[in-house]
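Start counting the sequence shown at 29; every next residue gets the next number (this note's numbering).
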Amino acid sequence: MKKVLEPELIDLRSKLKFSFETGEIWLGENRMMLMHVAAMGAFRNEIIQSLGLERARGLLVRLGYASGVRDAELAKSLPSNDCPEAGIMLGPMLHSFKGMVRVEKRKLEMDIPNGKFAGEFVWENSWEAQTHLQEFGVGTDAECWTQVGYASGYVSTFVGRPVIFKETQCVCKGDHHCYIEARLLEHWEDSEDYLKYYKPENIAGRLIDLQEEVVSLRASLNKTALPASVIGESETFKEALDLASTAAAKPITVLLLGETGVGKEVFAHWIHDNSDRATQPFVALNCAAIPNDLLESELFGVEKGAFTGAQQARPGRFERANNGTLFLDEVGDLTPAAQVKLLRVLESGELERLGDIKTRKVNVRLIAATNVNLQQAVKDGKFRADLYYRLNAYPVNIPPLRDRKADIPLLLEAFIKKYALLHNKRIAGVTDKAMKMLMTYTWPGNIRELENMMERGVLLTASDEMIELKHLFAGVADLLPDEVELSPQGRVNTQSKSSINNLIEEMIKDGISLENCELMLMEAALKKTGGNIAKAAELLGVTRRQVAYCLEKEDKK
């Protein structure tokens with residue numbers, strides 16, 4: 029006797045379309061695909077092995093939830109959805125229709141307007157339980173994660189309220205069948221603990237954090253822990269950090285060189301924290317921020333009555349940094365008198381406070397920094413040569429941000445996290461358009477400018493939104509053509525487009541062919557990169573093979 033199909037199943041079958049000509053399968057307006065259960069099982073097992081049970085469970089629950097949401101939207105459009113319970117039961121039918129599991133209803137009570145929902149269902153022939161048992165055998169936990177997520181996503185979307193399904197029995201635990209129960213979120217006592225599986229997790233970020241924790245733990249055992257403020261993976265940055273690392277283990281005086289805002293004080297902290305003085309004081313002084321008549325007293329201390337206003341004796345930065353590290357920023361701005369006294373302290377390890385005749389011993393590791401060309405300052409007679417040679421015993425040149433563009437995404441992530449926490453916001457990241465501009469900007473203010481810009485972006489962006497270009501740069505419209513450029517001050521350069529148009533007109537006027545134009549661009553890029561074909565290709569946005577082919581073709585002419 030031929031079985032009569034239920035109306036709901038007829039509705040579902042009418043929505044399923046196979047298009048062999050286009051290689052597509054459609055269920056309503058959602059594109060689908062067929063996959064081997066064994067392949068899905070292998071994929072599931074690899075996730076578990078790679079991420080561990082808890083993270084794998086969360087990922088697979090969210091995968092199922094997303095599928096349930098899509099199917100609920102489809103179910104709402106079906107003619108057989110003529111009452112709330114019928115609509116809910118389309119979910120189990122879709123679950124079975126896709127070959128995931130056979131579902132049998134045991135209980136369904138719902139009165140959503142009055143906050144009531146309770147359901148109980150039996151699952152049989154679960155694909156997920158089958159693959160889990162094959163790989164791991166019988167255990168102590170329920171393992172049908174994607175299916176629980178699917179049920180929760182479907183019902184929550186259909187009724188418009190968060191409904192959580194839990195698997196209370198599972199064949200993976202040795203039970204006769206899988207059994208699930210459903211309630212409104214607020215009716216589960218442990219809802220907060222269970223809800224964590226439904227919240228997206230930056231797994232890559234967590235793995236990186238875990239890796240950094242391992243590195244930090246190993247480093248702490250060797251007294252070389254990296255502070256969180258040291259961020260960078262580019263080659264130029266690593267070279268500078270390697271130099272700093274070598275210096276950290278020695279008492280040698282270090283001179284940090286680089287433009288304003290590159291992070292010289294961060295490097296100074298890193299050297300201190302990775303030295304044998306890490307538990308001792310780290311004292312910093314910006315020599316350019318102190319008036320000349322007070323600079324010596326700040327450095328070397330003062331005795332009571334040494335000058336008008338000196339009402340009590342006070343130790344200077346050298347004494348406060350005794351047995352630790354003294355960081356002198358903008359050392360190129362020291363007065364001639366301060367230079368003489370600084371040299372004496374470095375050579376003898378002794379100092380005298382202003383207005384005192386008593387000599388005091390100090391044991392200080394000095395790290396100096398400047399963005400001034402000290403060699404030129406020596407030639408100009410503005411800086412003592414003997415002090416320069418003393419400070420320049422171990423120079424470390426910190427690269428500007430424009431030479432370490434690969435570090436910008438890492439720095440962005442750190443600054444967004446920092447200021448989102450400060451301003452009590454959740455920021456989803458930056459838009460592609462904003463990222464493109466951040467990667468092409470020249471950053472005259474270096475990391476300090478980037479940090480300030482990201483604080484502005486976080487402040488102007490609504491919670492859970494992405495930082496847009498207009499939040500970062502002044503005077504930028506919502507929509508920008510690709511050829512728009514920014515000035516070093518962060519404003520739109522309105523002449524760039526017209527300049528390009530003029531250049532194009534001149535090239536057409538001179539009869540330059542497209543082939544010759546391409547060759548000229550490649551030769552210019554090679555000249556800019558010192559003959560490095562790979563870097564030239566990166567500048568032009570093409571492959572290395574394309575550049576090499578074009579050059580080979582020209583050589584054969």
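Glycine included, each C-beta is placed from N, C-alpha and C at the ideal position. Predicted model only: the values in this text are computed from it and were never measured.
Neighbourhood of residue i by C-beta, 6 Å cutoff - its chain only, sequence neighbours within 5 removed
| i | result |
| --- | --- |
| Lys194 | Glu209 |
| Leu283 | Ala396, Leu419, Asn420 and Pro423 |
| Lys104 | none |
DSSP three-state assignment for residue i, whether helix, strand or coil
| i | result |
| --- | --- |
| Trp54 | strand |
| Gln197 | strand |
| Phe501 | coil |
| Ala562 | helix |
| Tyr207 | strand |
| Trp155 | helix |
| Leu91 | helix |
| Phe145 | strand |
| Lys407 | helix |
| Asp139 | strand |
| Ser262 | coil |
| Lys556 | helix |
| Asn350 | coil |
| Asn314 | strand |
| Ala179 | helix |
| Lys332 | coil |
| Val166 | coil |
| Arg342 | strand |
| Arg59 | strand |
| Ser184 | helix |
| Glu543 | helix |
| Arg85 | helix |
Alpha-carbon to alpha-carbon, residue j and residue i
| i | j | result |
| --- | --- | --- |
| Ala306 | Gly352 | 7 Å |
| Ala366 | Leu374 | 12 Å |
| Gly167 | Asp492 | 39 Å |
| Pro428 | His499 | 24 Å |
| Lys461 | Leu497 | 7 Å |
| Gly377 | Arg418 | 13 Å |
| Arg59 | Ser124 | 18 Å |
| Leu662 | Val486 | As shown, the chain starts at 29 and ends at 585. That puts residue 662 outside it, with no answer to give. |
| Asp384 | Glu358 | 27 Å |
| Tyr182 | Asp99 | 7 Å |
Nonlocal neighbours in the same chain, by C-beta distance under 8 Å from residue i, ignoring five residues either side
| i | result |
| --- | --- |
| Ala232 | Any reading at Ala232 must be qualified, since the residue scores a pLDDT of 49, below 50, and its modelled position is unreliable; no value is offered. |
| Gln162 | Gly69 |
| Ile75 | Ala84, Leu87 and Leu88 |
| Cys545 | Met535 |
| Thr264 | Pro427, Asp431 and Arg432 |
Contact test: residue i Cβ vs the ligand NAP heavy atom, cutoff 7 Å
| i | result |
| --- | --- |
| Gly383 | Looking at this structure, you won't find the ligand NAP or any other ligand, since it has none at all. |
Limits of the alpha helix (DSSP H) - the one that residue i falls within
| i | result |
| --- | --- |
| Arg484 | Asn474 to Leu488 |
| Phe295 | Lys292 to Asp301 |
| Leu374 | Pro364 to Ser376 |
| Lys445 | Ile436 to Leu450 |
| Ala396 | Unbroken run through Ala396 is the beta strand (DSSP E), Arg393 to Thr398; no alpha helix (DSSP H). |
| Pro120 | Pro112 to Phe125 |
| Val65 | Val65 to Leu79 |
| Lys461 | Asp460 to Thr468 |
| Leu223 | Ser219 to Leu223 |
Cβ separation of residue i and residue j, assumed to be a contact under 8 Å, to the nearest whole Å
| i | j | result |
| --- | --- | --- |
| Leu379 | Phe328 | 5 Å |
| Met465 | Phe501 | 7 Å |
| Thr341 | Val330 | The residue asked about is misnamed: residue 341 is Ala in this sequence, not Thr. 7 Å between Cβ atoms; contact. |
| Arg211 | Ala146 | 6 Å |
| Val294 | Ala349 | The pair is not a contact, with the Cβ atoms about 18 Å apart (cut-off 8 Å). |
Same chain, Cβ closer than 7 Å to residue i, five either side skipped, listed in chain order
| i | result |
| --- | --- |
| Ile318 | Glu326 |
| Ala442 | Ile259 |
Terminal residues of the beta strand (DSSP E) in which residue i lies
| i | result |
| --- | --- |
| Ser47 | Leu44 to Ser47 |
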